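Asker: Residue numbers (my numbering): 161 to 1098. Shown below is the structure under consideration.
This is how it looks when you write it as C-alpha cells:
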C-alpha cells in the first residue's frame, strides 16, 4: 500500500494557521511566475504523454476547438502554428488568450434578418454564402445565404476563455499540457491520408432518391422496372394477421376509408378513388371484417400507467427513436413533424399489449426492416408504449366491442381482391397474377404520379417526390456501382439519420440534443454514433456482420442504440464496404522477437508507457477516467492496416475522437522506448493486442490502495464521500480517529477509527470517484442539518437546506479544522478534536460548537443522533444502538423523541424505513456567544 503524508490535498484549500484567506486561482499563480519560467519548466519537467491524455478530456476540452487536420474548428491546428509559436508564445496563448489572436481565427457575431444571432469563427465567405463554426457547445457548422444576413460584427476577445487553465488540477498538469503542445508544434503538419470511400455528395442525386421512394411505396409490387436490380428491398406491406387482437378494428376501418388523412404521410395509398363516400365506407367495413378474420384474438384495451409513461418518454428521446420520429414536447406535440417519419395517433390504433409486441419485435409485423428492432427489453418496450399511448392522460371511453361478421368478411375478401390489395399484402389471398405496365417508357404524368383520381392508387406525394420518382423512371438502365448501392441502402434504412459517410447524412442539428451519453468525459464521440467513412477499411468482415445482424456492441456509454434491420435487408453491406473502402498499405518490418515485442507493447499500454489504460476498458474492467472501447477487443474488430494509419493521425479519421496523438507527424513522444521509432512502437502495441482477452493486464489497471496518513498533524480531504456527496470534508487525526463533515447539509456525517482514507478512486478518476474510509467501527449519522428550527425542521433530501450556508473553515496549530456555517441569524463554529481520556486511555471525538447571534434565536434544536434504540445512562450520557455513546456537556439537557417511520430521521443510507428515535438538545440561543459540547465514544 502506498502511504502518503499530506497536509495539502488536491481539492482542499488549507489556510495559514488561524487565518481566513481566499485561495489564489491557478491561472493567477501561473501568470505571476511568468512565461519564460513556465516554458523552461515544461521543457524540463513536463510529460507530453500525460498532456496528450489531458488534451481531449472534457476539462479542459482543448480538442473541442483545436485538432490536427483541416477541420475548420474554432482554434488553429497546433501542428500548423508556424515559427512564431515559441514555447513562451504558447504559454501566453494559454494564460492570455485574447492578447494575440492568430490571424484567421478571430470571432464574429452574425445577425440574421430573422432575428437570430450566431457567434463563432467565419471559416468561409463567398459572394453567395457565409460558413460559420458556431461557438455553442456542439460547435456546428452554420451555412447562411448572403440574403439571410443582416449584420456581421467582429469580437475583440478570443473564443478561448481567460480562465480555462483553472480547470486543471495543478501546475504540473499545465506543464504536461504545454509540453504536449510543444510536441505537436514541433511535429508539424503531416501529409494527407488518402481514404477511399463513397462520399455520397451530401445527399443522393435525384434519380437515386427516386429509387428509394419507389422502394418505400413498393412500386414494383405492381410494375416492372430496371430498378428491381437495386440492393434495396421494397418496403413490404404489414403482416395483416399480426394485427389480430393488437390493432383496434375501428381504427382499421377509419384508416381504410381515408388513409391519407387518418395518418398523414403514410405510404399506404388510397385505392378507392372511384368510389362514392357511401361505397367507400361500405368497402372499408367489409375489408375490416376480412382482415380481422385472418386472426383469432379479440381486441381489448389495457390500463395505462403515468409513472411508466414518464420513463418511456425519457427512453423514447434517448435510445434513438427520435433519430427518425419527431421528438415531442411536454404536451406530446411533435416538434419536427415535417422532417420525421410519422407515427400518427397511436392511442387510437394499438392497445398496450399490441404496441409492446410491435416494439419488441417489429419485423414480425413489418419484415422489410424500415422499422428496425431497437433491442429494447420487455420493460423498456412497456414504458415506451405507455408514453406513446398517452399513459399520463386519462384515456377516453373505449368504443363498443367489435363484433365479427362472417358474411361481411367474405364480401371483404372479394373487395380486397378487386382493389388489388394483395399485390402488396402478400400474406392474404388471393394474390393477383397479372402485372401492370412496365415503368420504363411509361407516361409519368398519368396514373399514380398524377394528381388525378382514378382506378390507380393515390399517394400523398409532394412536388419533389414526384420529380425524384420521375427521374428514377427515366434513369438509363445501367448497373449500380458499389458506391451507389451503399448510398441507396444507407438512405433507404435511414442509417444516415445517425451515421455520416463522407458528406452523406449525419445527425441533424435539430436532433443533436437527443444523442446522449452516460460519460461526458468521452465528448461527442461518447454520444454521436461513429462515422461510416472508410468503415470497410476499418472493421474486419466478421465483426461488421456481427454488428449488422447480431447486435454486437462495444459502446455501453452511448445511449443511442444500434438498431437491427434484419439479415436479408443489410448483410450485403459487409461485402460492399470491404470492396469499396481502401487505405494505402503500411509497410512494417517483420517482428524478429514477438515475445520481446509484446512485452514492450504491454509496457506502452500501462501507466509507465503511453497510459492507454487511463481511458480504455480492459477485459470489461472500466478505466479510471472513462470507459473507452475495450483494448482486448481491438484485434478482433480492426483491420491491421487501419490501426497503423489511425494511431498516426486519430483526428483525421474521426473528427469527434478524444484519442490523443502520441506520434504527431510520425515523431514518437516516448523517445526512450525502441529508440523513439514510431513504427516499432505501434507495432509493439499491436503485437501486445494480438493476445486479445488473454493479454496481460497493463500496469495501472489494478491500483494499489493509497492511504492518507496523519502523523503529528491532522490530514484533510475534500472529495466525494458515499452517503455525503461532493461536498464531503474528511479529517484524519493523529490519534487514529476520523470524521467526515457534510458541507452541503451542515452535519457530522460519519466517524470511524483506525486508518483514515483511500482517495485513489477520486484522484485517478479526476475527481469523479468516491473516497473510501479505511478504518473500522464506522458510524453514520442521519441526513439533514443538525441545528434547525425545533418546530419546523427541514425535511431532509439530497439538496441544500434553504436556511443554512457553509462559510468555510480555519485550522489550529495541529491543522485541525473548525467548520463555520450559518443558520438563520446564528453563526456557528464547529470545532471537533481528538480527545484522550487519561483514566481509560480511550480516544474520543469532542465537538465544541460555538453559537454567535446578535439578536438571539428561540426554539432551536440540535439533533445529536438517530437510532432504533437510544437509552439514557445518566450524567448526560446516552447509548445509541449499543454502538455509540454521546455525552452532552455543560448545562444543556437532551431529550429522546419518538420519530414515525418515513420522516427525515430515517436510516441515513436510505434503507427500509423503520420507527426511529432521535436524541435532541432543545435550546434558546441567547444574544451574544454560547456553546454546546458533545463527546463521541464508540
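Ideal Cβ positions, reconstructed from N, Cα and C, are used throughout, including at glycine. Keep in mind it's a predicted model, so treat the numbers as computed, not measured.
Are the CB atoms of residue 677 and residue 665 within a distance shorter than 8 Å?
Answerer: Contact: no.
Asker: Beta-carbon separation of residue 877 and residue 802 under 8 Å?
Answerer: no
Asker: Please list the segments of the alpha helix (DSSP H) lying wholly inside the segment 706-761, counting only runs of 4 or more residues, in order along the chain.
Answerer: 727-730, 732-740
Asker: Please go through the same chain and pick out, in chain order, the residues whose beta-carbon is closer than 7 Å to the beta-carbon of residue 667, but skip the five residues on each side of it.
Answerer: 658, 675, 688
Asker: What is the DSSP secondary structure of residue 1033, counted as helix, strand or coil?
Answerer: strand
Asker: Would you give the residue range spanned by the alpha helix (DSSP H) that residue 459 belongs to?
Answerer: Residue 459 -> no alpha helix (DSSP H), and no H or E assigned at all.
Asker: Please list, in chain order, all residues of the same chain as residue 915 whose beta carbon is under 7 Å from its beta carbon, the five residues on each side excluded.
Answerer: 867, 934, 935
Asker: Which residue from 1079, 725, 370, 831 puts its Cα closest to that of residue 623?
Answerer: 370
Asker: From the DSSP output, read off the bridge partner residues of residue 948.
Answerer: 1021
Asker: Kindly indicate which three-state DSSP category residue 1081 falls into: helix, strand or coil?
Answerer: strand
Asker: Determine the DSSP secondary structure at residue 273, reduced to helix, strand or coil.
Answerer: coil
Asker: Output needed for residue 1012: all residues of its chain with C-beta closer than 6 Å, excluding positions within five of it in sequence on either side, in chain order.
Answerer: 987, 1089
Asker: Note down, one range per segment and in chain order, each alpha helix (DSSP H) of at least 4 residues found wholly within the segment 791-826.
Answerer: Whole alpha helix (DSSP H) segments, 4+ residues: 794-797, 800-808, 810-813.
Asker: When DSSP labels each residue in this structure, what does residue 280 get in the three-state scheme?
Answerer: strand
Asker: Taking all protein chains shown into account, do 16 or more other C-beta atoms lie within 10 angstroms of the C-beta of residue 828, making it buried, or fewer, making it exposed?
Answerer: buried
Asker: Beta strand (DSSP E) containing residue 996: first to last residue?
Answerer: Counting along the chain, the unbroken beta strand (DSSP E) around residue 996 starts and ends at 986-996.
Asker: Look up residue 268 in the DSSP assignment and say whether it is helix, strand or coil.
Answerer: For residue 268, the secondary structure class from DSSP, reduced to helix, strand or coil, is strand.
Asker: DSSP three-state label for residue 616, please.
Answerer: coil
Asker: Pick helix, strand or coil for residue 970, following the three-state DSSP scheme.
Answerer: strand
Asker: Grab me the residues of residue 680's own chain with a C-beta within less than 6 Å of its C-beta, minus the 5 sequence neighbours each way, in chain order.
Answerer: 218
Asker: Mind checking which residues open and close the beta strand (DSSP E) that includes residue 887?
Answerer: For residue 887, the enclosing beta strand (DSSP E) stretches over residues 885-892.
Asker: With a cut-off of 8 Å on the beta carbons, I'd call residue 153 and residue 546 a contact; round off their distance for me.
Answerer: In the structure displayed, the chain extends from 161 to 1098; residue 153 sits before or after that span and is not available.
Asker: Which parts of the segment 505-549 are runs of the beta strand (DSSP E), unbroken and 3 residues or longer, counting only runs that do not cross its ends?
Answerer: For the segment 505-549, not a single whole beta strand (DSSP E) run of length 3 or above is found.
Asker: Determine the burial state of residue 1071: buried for a count of at least 16 other Cβ atoms within 10 Å of its Cβ, exposed for fewer.
Answerer: Here the model assigns residue 1071 a pLDDT of 45, short of 50, so the residue's position is not dependable, and the following value carries that caveat. It counts as exposed.
Asker: Report the CB separation of residue 661 from residue 650 in whole angstroms; it is logged as a contact under 8 Å.
Answerer: 6 Å
Asker: With contact counted as at least three CB pairs below 8 Å, one residue from each stretch, are the segment 816-836 and the segment 715-725 in contact?
Answerer: no
Asker: What number of angstroms, rounded off, separates the C-alpha of residue 227 from the C-alpha of residue 221?
Answerer: 11 Å
Asker: Rounded to whole angstroms, how far is the Cβ of residue 395 from the Cβ of residue 239, which I believe are closer than 8 Å?
Answerer: Not quite, the Cβ-Cβ distance comes to about 48 Å (not below 8 Å), so this is no contact.
Asker: Express the C-alpha separation of residue 842 and residue 836 in angstroms, rounding to a whole number.
Answerer: 11 Å
Asker: What does the alpha-carbon distance come out to for the pair residue 1041 and residue 711?
Answerer: Using only the alpha carbons, I get a separation of about 52 Å.
Asker: Determine, using beta-carbon pairs with one atom in the segment 473-490 and one in the segment 440-448, whether at least three such pairs fall under 8 Å.
Answerer: Under the three-pair Cβ rule at 8 Å, the segment 473-490 does not count as touching the segment 440-448.
Asker: Would you be able to state if there are at least three C-beta pairs under 8 Å between the segment 900-918 and the segment 963-973?
Answerer: yes
Asker: For the beta strand (DSSP E) that residue 1010 lies in, which residues bound it at each end?
Answerer: In this chain, the beta strand (DSSP E) harbouring residue 1010 covers 1003-1013.
Asker: Do you know whose CA, among 254, 420, 276, 734, lies nearest residue 339's CA?
Answerer: 254
Asker: Can you tell which of 844, 619, 1036, 830 has its C-alpha closest to the C-alpha of residue 419?
Answerer: Of the listed residues, the one whose Cα sits closest to residue 419 is 619.
Asker: CA-CA distance, residue 378 and residue 728?
Answerer: 17 Å
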